[in-house]
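Engineer: First, the structure itself, so that you have it in front of you.
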């Protein structure tokens with residue numbers, strides 16, 4: 002006579018599958034970024050930024066103004082940071098450091 006599997010064991014197995022799936026997805030995203038230069042995700046070939054974007058490590062928002070095309074980055078704590086949305090299709094992206102943003106030709110937002 003066999004007993005049914007305990008609930009905690011099923012939950013643990015499901016959690017392990019989700020963790021494995023998340024790792025596979027991260028590797029796939031990194032592969033796409035390396036293959037296509039990051040244009041799909043706004044990372045421009047920088048694998049650290051690409052992975053940091055999806056893990057939440059990179060918190061600087063690179064925004065492009067619609068009317069002027071000006072490239073501006075917003076830091077956490079600045080006035081418009083919470084309302085700034087990243088649109089990868091328009092070329093907006095995340096940065097891990099201010100130096101990376103400036104090297105890519107973006108300027109810091111003037112509002113504090």
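Numbering (my numbering), first residue to last: 2 to 113. Cβ coordinates follow ideal geometry from the N, Cα and C atoms, glycine included.
1. Going by CA-CA distance only, name the one from 27, 93, 8 and 5 that's closest to residue 61.
2. On a CA-only basis, which of 84, 79, 21 and 91 is nearest residue 111? Give me that one, please.
3. Check the C-beta distance from residue 130 over to residue 106 and give it rounded, since I have them as a contact under 8 Å.
4. Which of helix, strand or coil does DSSP assign to residue 4?
5. State the DSSP-derived secondary structure class of residue 60, mapped to helix, strand or coil.
6. In the DSSP assignment, the beta strand (DSSP E) including residue 96 goes from what residue to what residue?
7. For a test of the three-state rule: what should DSSP assign to residue 86, helix, strand or coil?
8. Can you tell me whether residue 70 is buried or exposed? The criterion is at least 16 other CB atoms within 10 Å of its CB, across all chains shown.
9. Measure the CB-CB distance between residue 9 and residue 59 and report whether it falls below 8 Å.
10. So for residue 111, helix, strand or coil by DSSP?
11. Since residue 102 and residue 63 should fall inside the 8 Å C-beta cutoff, what is the C-beta to C-beta distance between them, to a whole number of angstroms?
Structural biologist: Answer, in terms of the structure:
1. Nearest to residue 61 by alpha-carbon distance, out of 27, 93, 8 and 5, is 93.
2. 79
3. Nothing about residue 130 can be read from this structure; the chain reaches only from 2 to 113.
4. coil
5. coil
6. Per DSSP, residue 96 belongs to the beta strand (DSSP E) from 94-96.
7. If DSSP states are grouped into helix, strand and coil, residue 86 belongs with coil.
8. Per the 10 Å Cβ criterion, exposed.
9. no
10. It is coil, neither helix nor strand.
11. 6 Å
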